[in-house]
Amino acid sequence: MAEIQNSNPTILNAADLPTRLRPAVPHKPGYGTGIFASALPSPANPADFLCTSPYESSDSDDDNLLEELIDEQEIYDLIGSVSDPEHPVSLGELAVVSLPDIKITPTLPKVPGSPLQTVTVLITPTITHCSLATVIGLGVRVRLEQSLPPRFRLDVRIKEGTHSTADEVNKQLADKERVAAALENGALMKVIAKMLETCK
Amino acid sequence: MAKPHLSHLADLTPASPERTWLTAPHPTLPIVATCSSDKTVRIYSLTNFKLLSTISDGHKRSVRTCAWKPHLQGESVLATGSFDATVGIWRRWDKYGNETNHTGAAADNDMTEDASDEEEKEWRFAVLLDGHDSEVKSLSWSASGMLLATCSRDKSIWIWEDLDDGDDNFETVAVMQEHDGDVKCVAWHPAEECLASGSYDDTIRVWREDLDDWGQVACIRGHGGTVWFLDWEGVETTPILSSAEQRDQWREQRALSGSRLISCSDDQTVRVWTRQPKEGQQPAMSSSAMTGIPSIIRPTGSDETWEEEAVLPHAHELAVYAVAWSRQTGLAASAGADGRIVIYEERVVASTEAPLRTEWSVLAVVDGAHGIYEINHVVWTKRADRNAEGGADEEVLVSTADDGSVKVWTLQR
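Note that the protein sequences, when read in sequence, are chains A and B. Each residue of the first sequence is one higher than the last, beginning at 0 in numbering that gives the first Met the number 0. Each residue of the second sequence is one higher than the last, beginning at 0 in numbering that gives the first Met the number 0.
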């Protein structure tokens, strides 16, 4: 990283960002759905509370039973506090990640009782040619891999139209083998660890 | 139950605490090798499903792949490929613990005379093949066992010749760099010296030696995503046929086209590819012999024309990481990120017209075969436990998953 790619990014006020990590404050209307959705357990997804066969036998620990409900806000709180690799500012404050760009959907909707859920995170790089997009995406992916139970499938992508080489970056981020190898790459992991230092 | 289904026979225990990538069945003995992110390879028995030994201290990063050298007697040789960019060659006498087998035979510098070695020490590190610039993803021994192909994220495929000189010398025969992305898998033809590879560049490529020069003879496009794995059709296997005449006709067709390829991809599909018949020509003969044009001038990629013969019925909702074509039964199995194992059957469509056409159908599906975990590999092998009922030819399917578990399945029909 010889020179900073975006020396003057737009930064949001941290107090305006949606979170559940501090006492509730009056919310802007736009965030309402996320909050309400999170307050109630979704009846459409009993798998969050009760794990049904054939999945229960393989999971000896009781994570599935004790696991808290994980919703979009929870995901946002996990990744919003990740730092940008070139600014001492969080991805939430830079609006690289934002609550409306996080979705949780059933991975196998046609399989009744399947506990698998897909977390889709769309990343908005601060500038369209930012070569750090892959590193940011990897940081988000690593943060989620380390924090979420393994029943989650991760889909971290560059938001359409926000980056010049989005397809290339997306293919790398979706490649399980490349991500696994990256986790064993000391130099790369140093950068990622630095980004995750600010996580709560 | 009349409906065919996969039935869980056993887990290989104890399992790796970390992700396991692939399990390779031994060509003759009832054992398998499972490679893991914990940098080790575990050798399990298929007779009692227990751990026999562990190969450790060889690789600095995840062991991604491994393969047994075929046609050996009295000794087993395992090649391992790792994210540390190296390939390891390991040896062990088959009758370990037996003093008499440790003397004579091949010279071995690392071998100790002590038969009471700990289990881990049974495996002797023979040689490290150094050449790739980044993670080794896959490796494969040729049918003869003389050639070893390895591939890597560095976009290259290396072919090594095992000189079998008693000094563990391997010679680099070829380095092929035509792929435009990580080479994810390599697989040798079951009989010929012909290699297939699949890549992050979404293509499958076929490679042959022509006048002492290894080169690409086909670049097969069709998949809409990374090609994760490949397997060849067995030389003798056939689809389900309804008459002896069909059988003869099928054999004739295969003699012209050769073994087919099956592949699986990030695009969630499994596909079968077939080579256009080479009329009046031995399958192994190169076209330069026909045209007289030396390989250096002849345009690469024009030698063989491969076509998509079938897209198997859609049965996966996420990336398909593994496919295995049984050389015993002709059944295919696939597995992937959705945690599902699917078994397919191929049947010749009733028709009097030539050439014969086939249809693939889903025979059995297991959802959540490894619970919530992704499945990285499936492979068919001979059943070896005491409860086997189907005789000497009965097969099991072995699946390998992200949580370190390896499961053995039987197909009930």
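Where is the CB? At the ideal position from N, CA and C, for every residue including glycine.
Query raised in the report: Mind checking whether Val95/A and Asp83/A have CB atoms under 8 Å apart?
Result: Here residue 95/A refers to the residue found at position 96 when the first sequence is read from its first residue. Here residue 83/A refers to the residue found at position 84 when the first sequence is read from its first residue. Yes. Within cutoff.
Report task. Give the residues from the region 139-163 of chain A that approach chain B closer than 7 Å (Cβ to any Cβ), ordered along the chain. Result -> If the cut-off is 7 Å between Cβ atoms, the region 139-163 of chain A has Pro149, Arg150 and Arg152 near chain B.
Report task. Output, in chain order, the set of chain B residues within a Cβ distance shorter than 8 Å of Glu167/A. Result -> Here residue 167/A corresponds to residue number 168 of the first sequence, with the count starting at 1. Think of a sphere of 8 Å around the beta carbon of Glu167/A: no beta carbon from chain B falls inside it, the nearest being about 10 Å out.
Query raised in the report: Under a Cβ-count criterion, where at least 16 other Cβ atoms within 10 Å of its own Cβ denotes burial, should Pro193/A be classed as buried or exposed?
Result: Residue numbering aside, residue 193/A sits at position 194 when the first sequence is read from its first letter. According to the sequence as given, residue 193/A is Lys; it is not Pro. By the Cβ-count criterion, Lys193/A is exposed, with fewer than 16 other Cβ atoms from all chains shown falling within 10 Å of its own Cβ.
**Report entry** Interfacial residues, the region 170-183 of chain A to chain B, with Cβ spacing under 8 Å
**Finding:** Those residues of the region 170-183 of chain A that come within reach of chain B (Cβ to Cβ, closer than 8 Å) are Lys170, Ala173, Asp174, Lys175, Glu176, Arg177, Ala179, Ala180 and Glu183.
Requested in this report: Determine the closest residue to Ser16/A out of Asn5/A, Tyr75/A and Ile69/A, with distance taken between C-alpha atoms.
Outcome: Indexing the first sequence from 1 puts residue 16/A at position 17. Reading off the sequence shown, one finds Leu at residue 16/A, where the question assumed Ser. Proximity to Leu16/A across Asn5/A, Tyr75/A and Ile69/A peaks at Tyr75/A, based on C-alpha coordinates.
Requested in this report: Kindly indicate the opening and closing residues of the beta strand (DSSP E) around Thr273/B.
Outcome: To locate residue 273/B, count along the second sequence from 1; it is residue 274. Note, Thr273/B: beta strand (DSSP E), Val269 to Arg274.
**Report entry** Selection of the region 129-162 of chain B by Cβ proximity to chain A, strictly under 9 Å
**Finding:** Within the region 129-162 of chain B, those residues whose Cβ lies closer than 9 Å to any Cβ of chain A are, in chain order, Ser133, Glu134, Lys136 and Arg152.
Query raised in the report: Between His162/A and Gly87/B, what straight-line distance do the alpha-carbon atoms span, to the nearest angstrom?
Result: The residue you call residue 162/A lines up with position 163 of the first sequence. The residue you call residue 87/B lines up with position 88 of the second sequence. Cα to Cα, the separation comes out at about 41 Å.
Query - Alpha-carbon spacing of Val271/B relative to Lys158/A, whole angstroms - result: Within the second sequence, residue 271/B is the residue found at index 272, counting from 1. Within the first sequence, residue 158/A is the residue found at index 159, counting from 1. Roughly 34 Å separates the two Cα atoms.
Query raised in the report: Considering Ala125/B, what are the terminal residues of the beta strand (DSSP E) in which it resides?
Result: For this step, residue 125/B is matched to residue 126 along the second sequence. Arg123 to Asp129 is the span of the beta strand (DSSP E), which, as asked, contains Ala125/B.
Requested in this report: Assess, as a yes-or-no matter, whether the region 336-345 of chain B is touched by the region 354-372 of chain B under the definition of 3 or more beta carbon pairs within less than 8 Å.
Outcome: Verdict: yes, contact present.
**Report entry** Under 7 Å from the C-beta of Phe82/B: neighbouring residues of chain A
**Finding:** As a working mapping, residue 82/B is identified with position 83 in the second sequence. Ala180 and Glu183, listed in chain order.
Report task. Step through the CB atoms of chain A and report whether any lies within less than 8 Å of the CB of Ala336/B. Result -> For the purposes of this step, residue 336/B is taken as the residue at position 337 of the second sequence. Among the residues facing chain A, Ala336/B is included, as its CB has a counterpart in that chain under 8 Å away.
Report task. State the DSSP-derived secondary structure class of Gly221/B, mapped to helix, strand or coil. Result -> As a position in the second sequence, residue 221/B is number 222, starting the count at 1. It is coil, neither helix nor strand.
Query raised in the report: Using a beta-carbon distance below 8 Å, is Leu115/A in contact with chain B?
Result: Numbered from its first residue, the first sequence carries residue 115/A at position 116. Interface residue, yes.
**Report entry** N-terminal and C-terminal residue of the alpha helix (DSSP H) that Gln72/B is part of
**Finding:** To locate residue 72/B, count along the second sequence from 1; it is residue 73. Element bounds for Gln72/B: n/a, residue is neither H nor E.
**Report entry** Integer-rounded CB distance, given that Val234/B should sit under 8 Å from Ala173/B
**Finding:** As a first step, residue 173/B is located in the second sequence; it is residue number 174 there, counting from the start. As a first step, residue 234/B is located in the second sequence; it is residue number 235 there, counting from the start. For a cut-off of 8 Å, the C-beta gap from Ala173/B to Val234/B is around 24 Å, too long to register as a contact.
**Report entry** Any alpha helix (DSSP H) of 4 or more consecutive residues that is wholly inside the region 293-347 of chain B
**Finding:** Listed in chain order, nothing qualifies, since the region 293-347 of chain B has no complete alpha helix (DSSP H) run of 4 or more residues.
Query - Rounded straight-line distance, which links the Cα of Leu240/B to that of Asp230/B - result: Taking the second sequence and counting its residues from 1, one reaches residue 230/B at position 231. Taking the second sequence and counting its residues from 1, one reaches residue 240/B at position 241. Each residue's Cα considered, the two are about 22 Å apart.
Query raised in the report: From which residue to which residue does the beta strand (DSSP E) around Leu138/B run?
Result: The sequence position of residue 138/B within the second sequence is 139, counting from 1. First-last of the beta strand (DSSP E) with Leu138/B: Val135 to Trp140.
Report task. Measure how close the beta-carbons of Asp366/B and Arg339/B come, nearest whole angstrom, since I'm counting them as under 8 Å. Result -> On the second sequence, residue 366/B is found 367 positions in, with the first residue counted as 1. On the second sequence, residue 339/B is found 340 positions in, with the first residue counted as 1. Right, the Cβ-Cβ distance comes to about 5 Å (below 8 Å), so this counts as a contact.
Query - Residues in the region 91-111 of chain A having any Cβ partner in chain B nearer than 9 Å - result: So the close ones are Thr106, Leu107, Pro108, Lys109 and Val110.
Report task. Report yes if the C-beta distance between Ser141/B and Glu192/B is below 8 Å; otherwise report no. Result -> Position 142 of the second sequence, counted from the first residue, corresponds to residue 141/B. Position 193 of the second sequence, counted from the first residue, corresponds to residue 192/B. Cβ atoms of Ser141/B and Glu192/B: closer than 8 Å.
Query raised in the report: Roughly how many angstroms separate the alpha carbons of Leu21/B and Leu98/A, rounded to a whole number?
Result: If you number the second sequence from 1, residue 21/B lands on position 22. If you number the first sequence from 1, residue 98/A lands on position 99. If you take the alpha carbons of Leu21/B and Leu98/A, they lie about 38 Å apart.
**Report entry** Three-way DSSP call (helix, strand, coil) for Tyr199/B in this model
**Finding:** One-based indexing of the second sequence puts residue 199/B at position 200. The answer is coil: DSSP assigns Tyr199/B none of H, G, I, E or B.
Requested in this report: Check whether the Cβ of Val190/A lies closer than 8 Å to any Cβ atom in chain B.
Outcome: One-based indexing of the first sequence puts residue 190/A at position 191. For Val190/A, the answer is no, since every Cβ of chain B falls outside 8 Å of its Cβ.
Query raised in the report: For Ile30/B and chain A, any beta-carbon pair shorter than 8 Å?
Result: Locating residue 30/B in the second sequence gives position 31, counting from the first residue. Interface with chain A (8 Å Cβ-Cβ cutoff): Ile30/B is excluded.
Query raised in the report: Is the shortest distance between the beta-carbon of Thr225/B and the beta-carbons of chain A less than 8 Å?
Result: Working through the second sequence from its first residue, we reach residue 225/B at position 226. Using beta-carbon distances, Thr225/B counts as an interface residue toward chain A, with a partner under 8 Å.
**Report entry** Beta-bridge pairing of His376/B - partner residues as DSSP gives them
**Finding:** In the second sequence, counting from the first residue as 1, residue 376/B sits at position 377. Secondary-structure assignment with DSSP links His376/B through a beta bridge to Thr399/B.
Query raised in the report: What does Val405/B pair with, by DSSP beta-bridge criteria?
Result: Position 406 of the second sequence holds residue 405/B. Answer by DSSP bridge pairing, in chain order: Thr399/B.
Query raised in the report: Which of helix, strand or coil does DSSP assign to Lys381/B?
Result: As a working note, residue 381/B is residue 382 in the second sequence. Note: Lys381/B maps to strand in three-state DSSP.
Query - Own chain, CB closer than 7 Å to Ile30/B, minus 5 neighbours either side, in chain order - result: Within the second sequence, the letter at position 31 stands for residue 30/B. Closer than 7 Å at Cβ, skipping near neighbours: Ile42, Tyr43, Ser44, Leu45 and Leu51.
**Report entry** Assigned exposure category for His70/B - 16 Cβ within 10 Å defines buried
**Finding:** Indexing the second sequence from 1 puts residue 70/B at position 71. Exposed: under 16 other Cβ atoms inside 10 Å.
Query raised in the report: What span of residues does the alpha helix (DSSP H) with Thr133/A cover, start to end?
Result: Mapped onto the first sequence, residue 133/A falls at position 134. It spans Ala132 to Ser146 - the alpha helix (DSSP H) in which Thr133/A sits, taken as one unbroken run.
Report task. With a threshold of 16 other CB atoms inside 10 Å of the CB of Glu316/B, please say whether the residue is buried or exposed. Result -> Position 317 of the second sequence holds residue 316/B. Buried.
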